[in-house]
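Shown next, in structure tokens, is the structure this report addresses.
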Amino acid sequence: MSDVDLYRLPTNVKPTHYDLTFKTDLEKLEYHGVVKVSLDVKTETSSITFNSTGLELWRASIYSDALKAEQPLADPSVDDIQQRVTYQLTDKLPPNSKAQFKIFFSSTLLGDITGYFKSTWVDEGKTKHYALTQFEPTSARRAFPCWDEPLLKATFSVSMISRVNTINLGNMPVVSDHPLTPEPAIEIDESLFAGTQNEKWKVTRFETTPLMSCYIVAFANGEFEHLESSVVMPLSGKAVPLRVYATKDVVSQAQYTLDVKKAVLPLYEKIFDVEYPLPKLDTLVAHDFIGAMENWGLILGSMNYLLIDPKRASIQEKKAVATMESHEIAHMWFGNITTMEWWNYLYLNEGFATLMGEVIIPGAVFPEWHVNTEFTVKHLSNALTLDAKLSSHPIEVDIPDANHVVEIFDSLSYSKAASVLRMLSSYIGEEKFLKGVSFYLKKRLFANSRTHDLWEGISEATGLNITDLMENWITKMGFPVITVTEAEDGKGITVRQDRFLETGPAEDKDNETIWNIPLAILYSQNGKRAVDSGAILQERAKCFSLDTKKPFKINANTNGVYRVLYTPERLVRIAAEAAKEDSIFNLDDRLGLVLDAMALSRAGLAKLSSALTLVELWRNEKEYLVWQGIADNLDNLLSTWWEYPDITENLNTFRRSLFVPLVVKLGYDYPEGEASDQVLLRKLAISQASSAGDEGVNAELEDRFKYYLETGDDSKIPAESQGDIFAAAVKYGGRKEYEAMIKIHDEPKTVQEKNSALRGLSSPQDESLIKETFEFISTKARSPDILQLFRALLKNHKARRPLTNYMQDKYEVLYKRFKDGFLFRILIPVTISFYSSQADLEALETFFKEKDTSAYNQSLTQELDGIRARIGLIKRSTEDLREWFAGR
């Protein structure tokens, strides 16, 4: 039996249309429904198999147009592992005919953020609930019986029965909304009237959707309010209504999301030259949600990402909202109009949405944010860190069993895919790249696609064979390191490619791939910056003519998905040149040099001290993003040597020497109208100086919080530094400050203030308060906040081992709560992501050996690889670090 036969639904029938009715009871926290599915019968059919899990199925029948008869169905067989239900038919359905399958179902509204679930909020002291969906990748089957595979597109007509004081939302606009009465004209099955006597109910009908996959169907029911606007689209000239829904306690903080939606939606239509096909675009912001979801016409997202008060929000918080909403809107084209054929092509959705939604479109709307450069820190660096492991996976990865698809919603499907596409765009030119993308979309409108379809569109736009150029970047794991050797006569270089691994040089068996690498050789021509954009390495090694007596660098602008290794002497010369005011090396080049130097030294391809020397040479650096790259890497070193007191003290002394002068220069306050990069540099400097233990900086932060605590006046707590002030207050304070965090968390002015309070609750040094934080996680924290708390706790070295102990003690509770969603595959690895000893590695391997790790096996393996890499790094570089610090 092939993988397709084993894991995919039978192809004897194909759904073409769903007629769905849901009755949602928010008081009883349950729902009932009926679905009527129109089927094309492809071959003679004696059974019907579809996806369903967690539902009570209680009446089913099938009507055959050819047989002119309806047959009741009973006693299905259930495959719990593959989440399928099969009904045997008494009378076979003839081939090339049509049929209508009908089934009733019901379930409970749980709070597990998957399928059709409940979210909770408090309205004037009263706990209330609303219901919403999260179906990607395979949870539509948790809400209604369906053919839950992306290739099986159909149209959907949805009706929702609910109490009259609630609002119903769906993918499409409302057709009608009126009281529920048992009149035949309403065409609602009589069984759904049960329990509505003497109560006020209504029925809401939505327009029929275009062809779409089940995972982007969405609906919601609750007491929602909304903000609204509209935008005239550039191709159609139509005005598209735009709304953002939320509960009344937070809806006022949704205006920024609405403004972003209005700014970016028409840009997508213009760039892709493909009309936005739906009559509206809504967003629902939920109390209980993880990230955001691109349902067609109804984006769903977390309050943590989509609500801000612009007057109280930091620039980074504004960026987070803008890029999240823009990313989801990109999916209206990438994923919704044109959908991957199967989950192994997930990157066609997520890589494009990351590049378009977080770089190209925000770059046009917010040019002052330098989003293309920030991409290098936020996405390229994260992708290369994960892809440098032996346990990595290709961007396009075979996932025959949809039960394991959640494992590839990672930095490779998002960040590496976006990085590879960005590299291609840089190589061929963004205009041709986007033209090719437009060709791709137009050829696959309302259809499904594979990688070859994309390469075909870009090939048409460029005249190049994009398949040959890009194949190994998509289908092979890993990425190269380019070793640069200079000719003795100073007239050329030899570049060689090998796979880069965080553990050191790759063995032959791991070093077979040859990538087609755009080198983008940067050099000096008459004292000016020049780039050979056509230079490409398509073999193991190649020579290029170049005057090496003048400054040069491989990977101009750091658009390439690779590392570059120079000789130590050349690196010092490049660093010295880059430090000059009139250097040919720009911001992107300097950032790339820092990130490469640190990564190469951690992998043992260069001395760690050489990377620190480069940082030392750049003390006068002015650009925020270069400093961000430096800070991230110093944090990484601290996290590796966290149980070596002499190393951590030296690293913190070094950090203070770098960042305290910046704090002295920039101060603690944020003048209105200041350039965003200056704002962010000040924030970074304060944060780094504080976490490095500078007494003066922390005294200032403590005083500001003390003033707030005594007066209730938060004017001395700028939004940019709020998290650092709260963290310092608890770290250097005691119970008084800790209990203040609890109160702020419970009654926050904004979502961001609540998040800062969570950071404060993760910062105590006292063991009893750390224990109370874990009790808070068990009894009080919302699901979306637990990951945030875990990540903040791992930055608190005093809380690291308690965090692991908590995970192990509460493993079964966490497993039951999160195993069916995205969160579990992230939560568990976070709790072990900092160990660096053989004893800890062996203890963790023993613990997980007895667990069912199928929901997070990929990320667990990667994290264990990370521990092995840190063990090797400590063995290689501890003495090098000590010698470097001793010689300063």
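Final position of the sequence shown in UniProt numbering is 888; the numbers increase by one with none missing. Virtual Cβ for every residue (Gly too), placed ideally from N, Cα, C.
Next item on the list: Could you pull out every residue in the same chain whose Cβ sits closer than 7 Å to the Cβ of leucine 298, ignoring the five residues on either side in sequence?
Entry: Leu169, Gly170, Asn171, Ala218, Asp282, Leu284
Check: When DSSP labels each residue in this structure, what does glycine 760 get in the three-state scheme?
Finding: helix
Note to self: Whole angstroms are fine: how far does the CA of leucine 89 sit from the CA of serine 47?
What the structure shows: 5 Å
Note to self: Can you tell me whether leucine 6 is buried or exposed? The criterion is at least 16 other CB atoms within 10 Å of its CB, across all chains shown.
What the structure shows: exposed
Next item on the list: With a threshold of 16 other CB atoms inside 10 Å of the CB of lysine 875, please say whether the residue is buried or exposed.
Entry: exposed
Notebook entry, point to check: By a C-beta neighbour count over all protein chains shown, 10 Å radius and 16 as the cutoff for buried, is threonine 127 buried or exposed?
Noted result: exposed
Check: Quick check: the stretch 394 to 412 against the stretch 340 to 351, are there 3 or more CB pairs under 8 Å?
Finding: yes
Notebook entry, point to check: Below 7 Å between beta carbons: does that hold for serine 139 and valine 203?
Noted result: no
Checklist line | leucine 522 and alanine 575 closer than 7 Å at C-beta | finding: no
Note to self: Here's the rule: buried if 16 or more other CB atoms are within 10 angstroms of the residue's CB, otherwise exposed. What is serine 762?
What the structure shows: buried
Check: Under the rule that 16 or more other beta-carbon atoms within 10 Å means buried, what is cysteine 543, buried or exposed?
Finding: exposed
Next item on the list: Please confirm if the stretch 62 to 74 is in contact with the stretch 85 to 103, defined as three or more CB-CB distances below 8 Å between the two stretches.
Entry: yes
Margin query: I need the boundaries of the beta strand (DSSP E) containing methionine 160, first residue and last residue.
Written below: 155 to 163
Margin query: Just checking lysine 202 against the ligand HEM - is the residue's beta carbon closer than 6 Å to any of the ligand's heavy atoms?
Written below: No copy of the ligand HEM appears in this structure; indeed no ligand is present at all.
Next item on the list: Return yes when the Cβ of proline 76 is within less than 7 Å of the Cβ of glutamate 44, no when it is not.
Entry: no
Note to self: Taking the alpha helix (DSSP H) that asparagine 633 belongs to, which residues open and close that run?
What the structure shows: 624 to 640
Margin query: Let's see if you can read the secondary structure: which residues bound the alpha helix (DSSP H) around aspartate 453?
Written below: 451 to 462
Next item on the list: Report yes or no: do three or more beta-carbon pairs, one from the stretch 792 to 803 and one from the stretch 766 to 777, lie closer than 8 Å?
Entry: yes
Check: Alpha carbon to alpha carbon, how far is serine 415 from arginine 882?
Finding: 35 Å
Note to self: Are the CB atoms of valine 37 and phenylalanine 101 within a distance shorter than 7 Å?
What the structure shows: yes
Next item on the list: Just confirm the distance between the C-beta atoms of tryptophan 201 and arginine 163, as a whole number of angstroms; I'd bet it's less than 8 Å.
Entry: 6 Å
Notebook entry, point to check: Counting along the chain, where does the alpha helix (DSSP H) carrying tyrosine 815 start and finish?
Noted result: 811 to 818
Checklist line | Beta-carbon proximity list for lysine 319, same chain, < 7 Å, skipping 5 on both sides | finding: Trp369
Note to self: Just verifying my parser: in three-state terms, what is the DSSP assignment at alanine 185?
What the structure shows: Only weak support is given to the placement of alanine 185: the predicted model assigns it a pLDDT of 42, under 50, and the question is left unresolved by the model.
Checklist line | Rounded separation between aspartate 809 and proline 784 - CA only | finding: 21 Å
Checklist line | Whole-angstrom distance between glutamate 207 and threonine 558, CA atom to CA atom | finding: 47 Å
Notebook entry, point to check: Using the beta-carbon count (16 or more within 10 Å), is phenylalanine 366 buried or exposed?
Noted result: buried
Next item on the list: Can you grab the Cα-Cα spacing for the pair glycine 492 / leucine 300, in whole Å?
Entry: 55 Å
Margin query: Using a Cβ distance threshold of 8 Å, determine whether the stretch 471 to 489 contacts the stretch 393 to 404, with at least three qualifying pairs required.
Written below: yes
Notebook entry, point to check: Leaving out the 5 sequence neighbours to the left and right, which residues in its chain are closer than 7 Å to proline 234 when beta-carbon positions are compared?
Noted result: Pro266, Glu269, Lys270
Next item on the list: Go to leucine 421, then tell me how far its alpha helix (DSSP H) extends in each direction, as first and last residue.
Entry: 417 to 428
Notebook entry, point to check: Buried or exposed: where does methionine 1 fall if 16 or more other Cβ atoms within 10 Å of its Cβ makes it buried?
Noted result: Any answer about methionine 1 is weak, because its pLDDT of 46 lies below 50 and its placement is not dependable; what the coordinates show is given next. Methionine 1 should be labelled exposed.
Checklist line | Residue from Trp147, Lys716, Gln316, Val481 with nearest C-alpha to glycine 560 | finding: Val481
Notebook entry, point to check: Exposed or buried, what is aspartate 498 when buried is set at 16 or more other beta-carbons lying within 10 Å of its beta-carbon?
Noted result: buried
Check: Under 7 Å, do proline 551 and serine 524 count as touching if we go by C-beta distance?
Finding: yes
Checklist line | Three-state class that DSSP yields for asparagine 382 in the structure shown | finding: helix
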